[in-house]
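Residues 1 to 607 in full-length UniProt numbering are what the sequence shown spells out, letter by letter. Scroll down for the structure; my scribbles are underneath it.
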Amino acid sequence: MAADRAPETPSQERTPPSPPPVPGLGDHGPEPLPGPEGRTAPGRPIGELADPFSLEVHRAIEVPPAAGPWDNGRGETLPLLPAYVERVHDTRLREVVQQAADGVSGMVVLVGGSSCGKTRACWEAVQELPAGWRLWHPIAPDRPQALLADLAAVAPRTVVWLNEMQHYLLTPTDSVGERVAAGLRDLLAEPDRAPVLVLGTMWPEYWATLTGTPQPGVADAHPQARVLLSGAVVPVPDTFNGPALKALRLAAGGDPRLARAAAEAEQGHITQYLAGAPSLLDRYRAAPSAARALIETAMDARRLGHARALPHALLEAAAPGYLTDGQWDTLGEDWLEQALAYTAAPCHGARGPLTRMRPRPGDPYPAQPHYVLADYLEQEGRTNRRTAGVPPQLWNALVDHAAVGSHVDIARSAGLRGLKRLAVRAYSVAAAHGDTFALLQAAKVLREADRTDEAIDWLQDRAEAGCEFVLWLAGDLLRETGRPAEALARYRQAAETGDTFALRWAAELSQEAGRTDEALEWYERAAEAGDISALRQGAELLQRTGQVDEALAWCRRAGESGTVFALHSAVDLLRRAGREAAADQLARYGWEPGGDIAQPWEARPPG
1 MAADRAPETP SQERTPPSPP PVPGLGDHGP EPLPGPEGRT APGRPIGELA DPFSLEVHRA
61 IEVPPAAGPW DNGRGETLPL LPAYVERVHD TRLREVVQQA ADGVSGMVVL VGGSSCGKTR
121 ACWEAVQELP AGWRLWHPIA PDRPQALLAD LAAVAPRTVV WLNEMQHYLL TPTDSVGERV
181 AAGLRDLLAE PDRAPVLVLG TMWPEYWATL TGTPQPGVAD AHPQARVLLS GAVVPVPDTF
241 NGPALKALRL AAGGDPRLAR AAAEAEQGHI TQYLAGAPSL LDRYRAAPSA ARALIETAMD
301 ARRLGHARAL PHALLEAAAP GYLTDGQWDT LGEDWLEQAL AYTAAPCHGA RGPLTRMRPR
361 PGDPYPAQPH YVLADYLEQE GRTNRRTAGV PPQLWNALVD HAAVGSHVDI ARSAGLRGLK
421 RLAVRAYSVA AAHGDTFALL QAAKVLREAD RTDEAIDWLQ DRAEAGCEFV LWLAGDLLRE
481 TGRPAEALAR YRQAAETGDT FALRWAAELS QEAGRTDEAL EWYERAAEAG DISALRQGAE
541 LLQRTGQVDE ALAWCRRAGE SGTVFALHSA VDLLRRAGRE AAADQLARYG WEPGGDIAQP
601 WEARPPG
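Right, here's the structure in full:
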């Protein structure tokens, strides 16, 4: 049945007065609320949030002024959002919101395709919360950093708004997304900060990536995210079914946007129609060659890993690769401007296929324009261009012009397609901007390509530039290729910079070379630096060289550090040396069988 609300997205029949400006939702509100440890709680009172578009609710189609059953004759404008028609997922969402209002923390993640109504459903749900609730939308400087920076200050009765939740959990460096997931789990489990409500939205493919079981032998990249998301999903269907369509038709009598969607949307895709999807697809499919090249450049750049904001230089450099010689030769000198004008034109009031991003007042102004691809076309590209070839112009443009932060994902995409040279180039750019993960990956690709010397030279160059931690990786590469003396030199360099792991690796390499005394010196240094496992390895080395008493002393030191294996290792060491009586005594009584620390052994019940 129809509520007095409507599917995802809005606009208006005639231009209404602009809503009052809403300060950045990631900022602290005008009425500071004390958070944990005296910090100001992030977010704003929900009652002050008058602009749903600031929370990334899509705008709906516009309709031309026309007399109709919804025209009251007084020239009043339509509301910002069409009337909302509830569907099955709203019932579960309302239950969790009510539990939060009753004092129980919870999380819901609405999972569905592009423009299917996820964000609008969340907007409607939070309107039901009582006075005193706040909403926090962490987005700047980037979403994961914004969330991690203020998560500890979240106060009770706060909605944590995570639209496009994959941006918080699927990060170029998996550890960042895992820290976000762990922080959210702690927040939801902490009784002193209840109630809080976490609302997220996500496309199905991102949900599958985060919650899928890792393959045997493959490192688990998302264990924290998988646990966080378990049981939190609420599917949102792409279409309206029979009861929802009936409710829609009833609501359409009061809103021309719903009336048009009810009449023209294909196969129940109501919210997508409201968001302008049909016009977007028509505009793309019928585009002139240069405009179509720009849209497909943007589609492919996004599916290969580029961030949402696409630089002008990238589009300009890559688009010619999507044109035939004949198409290219017949273009005018202003082909790019004409193509961008075509892609920027709105579709029934919704965002055009590829539109320029306009910085808000107070935001830093970029050195060049950036453009964003419409969500629906992005999903169209991911689905229907999955097997499409990528011209070399795009790969080169991605390496040369991609935004900072995109190169790791671009390198991964190149590597998956066997383009190792491009992968190393992209990783190199990311490494030059301080991405340590990219350093390791670039060396790995070079090693797999049997270009070990280049990998080592590159790592050494990075070390001399200040990234000293990569020395141990150079040592590993040299060790794998049978160059132990050079490997040991790199481990020594790394150890001198304070890398404690390099101490143990140097010990193992010395041991493999038969230099027992040198190996023991390295194990000793590693143990002094806090690596307790080095004591066990040193003890085993001493036992193999017949120095049983010295090995026992190393086991004893490990035992004094609280290491469980130490006593068992010492017993095993004695038995292998043929000293059964001493082994039995140590196994039975432990390190102090005579009672040197306390009283002599007595095993009588108390009392």
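Note that the Cβ used here is the ideal one computed from N, Cα and C, for glycine as well.
Would a C-beta distance cut-off of 8 Å place R356 and P364 closer than the cut-off? no
At what residues does the beta strand (DSSP E) containing H433 begin and finish? No beta strand (DSSP E) holds H433; DSSP gives it neither H nor E.
If you follow the beta strand (DSSP E) that H306 is in, where does it begin and where does it stop? Segment: none, H306 is in no beta strand (DSSP E) and carries neither H nor E.
For G305, tell me which candidate among L245, P320, A426 and G113 has the shortest Cα-Cα distance. A426
At the level of alpha carbons, what is the spacing between Q267 and L473? 56 Å
Tell me the residue span of the beta strand (DSSP E) that contains V233. V233 to P235
Straight-line CA distance for A307 to P130? 37 Å
Measuring CB atoms only, is the segment 314-326 touching the segment 410-421, in the sense that at least three cross pairs come out at less than 8 Å? no
With contact counted as at least three CB pairs below 8 Å, one residue from each stretch, are the segment 132-142 and the segment 46-62 in contact? yes
Report the option in A155, V126 and R226 whose CA atom is closest to the CA atom of residue 609. Residue 609 lies beyond the stretch modelled for the chain, which goes from 1 to 607, so this question has no answer here.
Under 8 Å, do residue 657 and A140 count as touching if we go by C-beta distance? In this structure the chain extends from 1 to 607, so residue 657 is not present and cannot be described.
When DSSP labels each residue in this structure, what does C116 get in the three-state scheme? coil
From W505 to W123, what distance separates their C-alpha atoms? 55 Å
Under 8 Å: do the segment 559-577 and the segment 532-550 share three or more Cβ pairs, one atom per stretch? yes
Examine the Cβ distances between the segment 74-94 and the segment 178-189 and report whether three or more of them are shorter than 8 Å. no
Output the distance between the C-alpha atoms of residue 609 and W458, rounded to the nearest integer angstrom. Nothing can be reported for residue 609: it is not among the residues displayed for the chain, which extend from 1 to 607.
Less than 8 Å between the C-beta atoms of S115 and W203, yes or no? no
Out of curiosity, what's the CA-to-CA distance linking Y491 and G475? 6 Å
According to the Cβ coordinates, are A449 and L477 closer than 8 Å? no
Going along the chain, which unbroken runs of the alpha helix (DSSP H) with 4 or more residues stay wholly within the segment 502-541? 516-528
Specify, as a first and last residue, the run of the beta strand (DSSP E) that R134 falls within. R134 to W136
Secondary structure, beta strand (DSSP E): runs of 3+ residues fully inside the segment 173-216: 196-202
If you check the beta carbons only, do L258 and A252 fall under 8 Å apart? yes
Over the uninterrupted alpha helix (DSSP H) stretch that includes R356, give me the two end residues. Here R356 belongs to no alpha helix (DSSP H); instead the beta strand (DSSP E) covers L354 to R356.
Considering only residues of the same chain and omitting the five flanking positions on each side of A587, which have a CB-CB separation below 7 Å? V571
Roughly how many angstroms lie between the CA atoms of L439 and L229, to the nearest whole one? 31 Å
Per DSSP, E372 forms a beta bridge with which residues? Looking at the sequence provided, one finds Val at residue 372 rather than Glu. DSSP, once it has assigned bridges, lists T355 as partnering V372.
Do L541 and L520 come within 8 Å of each other at the CB atom, strictly closer than that value? yes
Rounded to the nearest angstrom, what separates D517 and R483 at their Cα positions? 21 Å
Report yes if the C-beta distance between L110 and T171 is below 8 Å; otherwise report no. no
So if DSSP puts T563 in a beta bridge, which residue, or which two residues, is it bridged to? Answer is none; T563 lacks a bridge partner.
Got a sec? Which residues, its chain only, sit under 6 Å from A221 by beta carbon, not counting five neighbours each side? D174
Please report the straight-line C-alpha distance between E560 and W591, rounded to a whole angstrom. 10 Å
Coarse secondary structure for V108, derived from DSSP in three states: strand
Under a three-way DSSP split, which group does T330 fall into? coil
Give me whichever residues DSSP pairs with Y284 in a beta bridge. None, per the DSSP bridge assignment.
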